[in-house]
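Residue numbers (numbering that gives the first Met the number 0), protein chains in the order written: chain A, 0 to 265; chain B, 0 to 395. No residue lacks a Cβ here, since even glycine has one placed at the ideal position from N, Cα and C. Each remark here refers to the structure printed beneath this line.
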Amino acid sequence: MSRLAAAIEGVALLGPGLPGWAAARAVLTGAQPYAHAPTVVPVATLLPPNERRRAGLAVKIALAVGWGALTESARDASALETVFTSSSADGDTCHAICEQLAGSERLISPTRFHNSVHNAPSGYWSIATRCMAPSTSVCGYDASFGAGLLEACTLVHARGAPVLLIAYDAPYPEPLLSKRPVPDAFGVALLLSPQAGAGVLARLELTLIGDSPEPLADGDLESLRRSVPTARSLPLLSLLARGARGTAAIEYLDGLHIAATVAPCA
Amino acid sequence: MHPLQLSSFTLTTCLGRGLEATRSALQRRASGLARRQFDTTALDTCIGEVEGVDAVRLPPALAAWDCRNNRLAELGLAHDGFAEAVRAAAGRVGAERVGVFLGTSTSGILQTELAYRRRDPVSGALPADFDYGRTHNTYSVTGFVRARLALAGPAWTVSTACSSSAKVFGSAARMIDAGLIDAAVVGGVDSLCLTTLYGFNSLELLAREPCRPWDAARNGLSIGEAAAFALLEPLAASPAPDAVALYGVGESSDAHHMSSPHPEGLGARLAMQAALGAASLQPADIGYINLHGTATPSNDAAEDRAVVGLFGSATPCSSTKGATGHTLGAAGALEAMIAALALRHGFIPGGAHTATPDPALRAHYVLESREAKLRRVLSNSFGFGGTNCSLVLGRA
Chain A
0 MSRLAAAIEG VALLGPGLPG WAAARAVLTG AQPYAHAPTV VPVATLLPPN ERRRAGLAVK
60 IALAVGWGAL TESARDASAL ETVFTSSSAD GDTCHAICEQ LAGSERLISP TRFHNSVHNA
120 PSGYWSIATR CMAPSTSVCG YDASFGAGLL EACTLVHARG APVLLIAYDA PYPEPLLSKR
180 PVPDAFGVAL LLSPQAGAGV LARLELTLIG DSPEPLADGD LESLRRSVPT ARSLPLLSLL
240 ARGARGTAAI EYLDGLHIAA TVAPCA
Chain B
0 MHPLQLSSFT LTTCLGRGLE ATRSALQRRA SGLARRQFDT TALDTCIGEV EGVDAVRLPP
60 ALAAWDCRNN RLAELGLAHD GFAEAVRAAA GRVGAERVGV FLGTSTSGIL QTELAYRRRD
120 PVSGALPADF DYGRTHNTYS VTGFVRARLA LAGPAWTVST ACSSSAKVFG SAARMIDAGL
180 IDAAVVGGVD SLCLTTLYGF NSLELLAREP CRPWDAARNG LSIGEAAAFA LLEPLAASPA
240 PDAVALYGVG ESSDAHHMSS PHPEGLGARL AMQAALGAAS LQPADIGYIN LHGTATPSND
300 AAEDRAVVGL FGSATPCSST KGATGHTLGA AGALEAMIAA LALRHGFIPG GAHTATPDPA
360 LRAHYVLESR EAKLRRVLSN SFGFGGTNCS LVLGRA
């Protein structure tokens with residue numbers, strides 16, 4: 000079975016009870032107990048004021064974690080290839096359109112329509128960072144994080160250049176929420192590069208495996224992992240937070256999962 | 000990149016089912032666009048609806064995936080021996096070594112649109128029979144095709160609006176190159192729904208008459224639907240005489256606007272350049288360009304600048320959207336399959352419905368279908384969010 004290698008240069012995380020990578024590390028290492036709190040998503044300062052006001056939750060959390068993973072890096076966002084992955088992109092916009100279409104007046108706002116595409120956060124990101132490098136947007140339903148991680152790491156391998164992975168989920172409002180009960184917004188970004196060097200936090204090696212992942216020891220984190228597609232990244236993030244060498248299993252598709260081996264760099 | 004052969008491919012659109020019906024229609028310069036309403040729409044436009052999608056039944060074991068988009072996928076898989084070719088490949092390399100990467104923009108959203116008409120009058124809840132994950136979700140079509148073909152390898156949907164199913168060729172090529180898989184099913188499936196029909200209507204981009212790419216009087220697009228699939232594998236040492244291969248994928252972002260292209264076509268040009276670079280080709284090596292050519296005034300003008308800037312005005316070009324309509328997330332794969340047909344059968348499809356090419360556009364737009372010995376062709380796909388992807392295909 001082939002191995003896919005990359006180096007991790009930056010990490011960002013926003014989720015319920017996990018307000019940023021620095022604060023979340025203590026929870027992920029077990030030094031502090033998990034305490035539930037709604038996800039706090041900052042204003043999208045990357046966007047011009049008009050669009051900042053209109054930006055939905057999906058765009059805001061994607062841009063926030065994407066920018067967060069770059070803060071301690073010297074990488075130039077305007078030259079950086081990106082991979083966005085999400086189970087459903089902008090749920091509020093989707094709901095508003097479906098509600099409108101179910102009524103007798105089928106007038107959709109043009110802005111709402113272009114915001115309904117799965118790659119809307121990618122579009123806003125490339126405009127805000129003036130980045131003409133390629134960007135893709137993928138979806139794997141519950142397997143979206145694994146899909147994005149594979150797409151990003153194979154891009155690093157193919158291009159020999161850094162890639163920013165932005166994984167995010169934003170919940171639908173009712174009535175879709177009952178059919179897709181993702182409880183809160185969640186975003187993770189990883190800045191990946193081809194080789195270990197200055198500024199690298201850890202080396203990462205991926206292989207595809209058949210065995211299902213073990214549950215996380217912390218019951219609250221495990222329930223988060225099971226309820227939000229992007230939170231399937233938590234076993235990998237816990238390893239990174241501990242700064243320990245080890246292998247985390249990332250739940251992907253039925254009978255096909257990803258073993259992520261992490262070796263921290265001093 | 001390492002070339003990948005299209006070991007098998009197929010496509011289904013309003014032009015017909017399978018390769019032979021499509022080839023014949025393209026060579027006759029036929030169009031499948033018709034003035035009719037879809038579902039309960041009341042729009043003054045023409046659509047490219049695939050006949051008989053509603054009558055398709057999924058296998059009973061996969062009934063939970065039932066929605067228009069997956070019915071269209073099921074219909075598309077049934078032609079040109081495609082499913083059999085995939086089964087044979089899985090037998091050779093193992094089902095877990097065959098990936099599935101499909102593009103769609105709206106997947107099965109029609110199912111949710113319909114479910115919103117059946118909400119509980121008191122609670123507002125959606126009906127109990129509505130299955131979000133296996134119908135509406137963007138991954139649904141890929142999950143369905145993976146299950147239908149009994150594959151067990153890595154899979155995802157690429158959803159970057161109208162470049163979605165061009166970009167899947169890149170995903171598959173990188174996964175094969177990294178050694179994680181030995182073969183991949185790629186393609187695109189997008190089906191008619193109210194979100195896109197009323198959405199493009201809100202942008203005032205729907206043409207009243209069948210769309211006329213590159214025409215002086217072009218005034219908008221016609222929406223179609225399609226299922227197109229290819230089985231990609233490393234190029235054999237001695238390929239079949241009529242073999243077609245993927246030689247290059249080029250991608251870029253406009254970084255300009257969410258729903259309008261860069262006026263000078265800068266992003267489009269970057270993508271075409273990158274595709275040529277990946278194929279180690281010069282512009283003069285390309286014998287035909289299948290344009291994105293949506294027939295909106297600004298899209299065609301921007302693409303014309305990009306094409307003429309890179310290729311000059313001699314390379315034959317056409318858009319096949321006058322024949323099939325704009326099939327959105329399926330357009331990239333559909334037009335790659337049309338490019339493969341053009342290569343295999345030696346013809347350039349003339350741009351259906353276009354009568355008078357716009358004198359302000361300088362690309363060499365081909366009006367009548369004609370025979371042409373082609374070795375390398377380029378196919379363009381651009382989308383909302385400023386996403387661009389170009390593919391280079393050629394005779395192996």
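Query: Just to confirm the assignment, what range does the alpha helix (DSSP H) spanning PRO234(A) have?; Result: 233-241
Query: Apart from the five residues on each side of it in sequence, which residues of its chain come closer than 6 Å, Cβ to Cβ, to SER192(A)?; Result: ALA6, GLU8, PRO161
Query: To the nearest angstrom, report how far apart PRO2(B) and GLY90(A) are at their CA atoms.; Result: 39 Å
Query: With a cut-off of 8 Å, does the C-beta of SER103(A) fall near any C-beta of chain B?; Result: no
Query: Suppose contacts are defined by Cβ-Cβ distances below 8 Å. Is GLY328(B) in contact with GLY122(A) by that definition?; Result: no
Query: Please specify which runs of the alpha helix (DSSP H), each continuous and at least 4 residues long, are wholly inside the stretch 104-181 of chain B, giving them in chain order.; Result: 108-114, 131-134, 139-147, 163-176
Query: Using 8 Å as the limit for Cβ to Cβ distance, is ARG116(B) near chain A?; Result: yes
Query: Quick one: what's ARG27(B) bridged to in DSSP?; Result: None, per the DSSP bridge assignment.
Query: In whole angstroms, give me the CA-to-CA distance for ALA332(B) and ARG129(A).; Result: 28 Å
Query: Considering only C-alpha positions, which residue in the set LEU230(B), GLU48(B), ALA339(B), ALA216(B) is nearest to ASP181(B)?; Result: LEU230(B)
Query: Please tell me whether GLY196(A) and ALA166(A) are closer than 8 Å, where the distance is taken between their beta carbons.; Result: no
Query: Quick one: which chain B residues come within Cβ less than 8 Å of PRO170(A)?; Result: Here the premise fails: no neighbours, minimum Cβ distance about 13 Å.
Query: Give the DSSP-derived three-state secondary structure of GLU203(B) in the structure shown.; Result: coil
Query: Residues bridged to SER317(B) by DSSP?; Result: ASN289(B)
Query: Name the residue from ALA24(B), LEU25(B), LEU360(B) whose alpha carbon lies nearest to the alpha carbon of ARG217(B).; Result: LEU360(B)
Query: Does DSSP put GLY219(B) in a helix, in a strand, or in coil?; Result: coil
Query: Flag SER108(A) as yes if its beta-carbon sits less than 8 Å from any beta-carbon of chain B, otherwise no.; Result: yes
Query: Between HIS344(B) and chain C, is there a C-beta pair that is closer than 8 Å?; Result: Structure shown: chain C not included; protein chains present are A and B.
Query: By the 7 Å beta-carbon criterion, what residues does the stretch 117-140 of chain B contribute toward chain A?; Result: ARG118, GLY123, ALA124, LEU125, PHE129, TYR131, GLY132, ASN136, THR137, TYR138
Query: For ALA254(B), return the contacting residues in chain A, with the cut-off set at a CB-CB distance below 7 Å.; Result: SER125, ILE126, ARG129, CYS130, MET131
Query: Roughly how many whole angstroms lie between the Cα atoms of ASP168(A) and SER85(A)?; Result: 6 Å
Query: Give me, in chain order, the residues of the same chain whose beta-carbon lies closer than 7 Å to that of THR194(B); leave out the 5 immediate sequence neighbours on both sides.; Result: THR105, ILE108, GLU112
Query: Mind checking whether the beta-carbon of ARG70(B) lies closer than 7 Å to any heavy atom of the ligand FAD?; Result: This structure lacks the ligand FAD, and indeed carries no ligand of any kind.
Query: For GLY350(B), does the count of other Cβ atoms within 10 angstroms reach 16, so buried, or fall short, so exposed?; Result: buried
Query: What residues are listed by DSSP as bridge partners for ARG202(A)?; Result: ALA6(A), ALA262(A)
Query: Let me know the secondary structure DSSP gives GLN36(B) once reduced to three states.; Result: coil
Query: Can you list, in chain order, the residues of the stretch 97-112 of chain B whose Cβ is nearer than 8 Å to any Cβ on chain A?; Result: SER104, ILE108, THR111, GLU112
Query: For THR355(B), is the classification buried or exposed, using 16 other Cβ atoms within 10 angstroms of its Cβ as the cut-off for buried?; Result: exposed
Query: Below 8 Å on C-beta distance, what does GLY67(A) contact in chain B?; Result: Neighbours of GLY67(A) on chain B: none; closest Cβ ~21 Å, over 8 Å.
Query: Is the number of C-beta pairs between the stretch 64-81 of chain B and the stretch 10-28 of chain B that are closer than 8 Å three or more?; Result: yes
Query: Three Cβ pairs or more, each shorter than 8 Å: is that satisfied between the stretch 85-99 of chain B and the stretch 25-45 of chain B?; Result: no
Query: Please classify GLN4(B) as buried or exposed, where buried requires at least 16 neighbouring CB atoms within 10 angstroms.; Result: buried
Query: Excluding the 5 residues flanking MET257(B) on each side, which residues of the same chain have their C-beta closer than 7 Å to its C-beta?; Result: PHE383, GLY384
Query: Under 9 Å between beta-carbons, which chain B residues line up against SER177(A)? List them in chain order, please.; Result: ALA124, LEU125
Query: Residues of chain B with a CB under 7 Å from the CB of THR135(A): which are they?; Result: VAL157, THR159, LYS166
Query: Measuring only the C-alpha atoms, how far is ALA226(B) from GLY102(A)?; Result: 30 Å
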